[in-house]
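Here you go:
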């Protein structure tokens, strides 16, 4: 770890949860991240962040679910951004953003994430995991 990384981690706030890959786990992720942000004095961020967590956790439960395996939510506050990461165990199923499918089913969650965040993406691995992340500008 170089001195810059060490300094960054020393000034960053982070919060990690591991929850059951169920609708209840997704709901808890949203609620607990909102509470953590409020406890850090970031009340203005709690609404948009909770929405992003709700969408990403719902996707992890719906599309990234493997029986018996949990998903993880991590929030990191550094400098001028809040980074939200949701990791599940279906690295073989990557989310696709952009236009809605022709059948009108699905896809709206990632459009919400895209609208609320300054950037988002997917990081594969370690096998069999993937992490979907979004960065929101701090207000």
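In the numbering used here, the protein residues as written are 8 to 146. Every residue, glycine too, gets a C-beta built ideally from N, C-alpha and C.
Using the C-alpha atoms, what's the distance from residue j back to residue i?
i, j, result
"residue 8", "residue 50", "With a pLDDT of 48 at residue 8, under the threshold of 50, the predicted position of this residue should be treated as unreliable, though the coordinate-derived value follows. Distance between the alpha carbons of residue 8 and residue 50: 32 Å."
"residue 141", "residue 118", "12 Å"
"residue 90", "residue 84", "6 Å"
"residue 29", "residue 87", "32 Å"
"residue 71", "residue 103", "13 Å"
"residue 23", "residue 130", "17 Å"
"residue 122", "residue 133", "28 Å"
"residue 126", "residue 54", "17 Å"
"residue 42", "residue 33", "15 Å"
Confirm, please, whether the CB-CB distance from residue j to residue i is below 8 Å.
i, j, result
"residue 56", "residue 44", "yes"
If residue i and residue j are in contact, beta carbons under 8 Å, what's the gap, nearest whole angstrom?
i, j, result
"residue 93", "residue 80", "5 Å"
"residue 135", "residue 75", "Not quite, the Cβ-Cβ distance comes to about 13 Å (not below 8 Å), so this is no contact."
"residue 61", "residue 31", "Incorrect: roughly 13 Å between the Cβ atoms, too far for contact."
Give me the residue from the options with the minimum Cα distance to residue i.
i, options, result
"residue 95", "137, 131 and 20", "137"
"residue 128", "145, 146 and 101", "101"
"residue 68", "19, 26, 47 and 130", "26"
"residue 66", "20, 116 and 121", "116"
"residue 64", "47, 82 and 20", "82"
Once the 5 residues before and after residue i are set aside, which same chain residues still bring their CB inside 7 Å of it?
i, result
"residue 124", "59, 141, 142 and 143"
"residue 3", "Outside the shown range of the chain, which is 8 to 146, sits residue 3, and nothing can be said about it."
"residue 77", "25, 26, 27 and 28"
Going along the chain, which residues of its own chain have a beta-carbon closer than 6 Å to the beta-carbon of residue i, five neighbours each way excluded?
i, result
"residue 21", "83"
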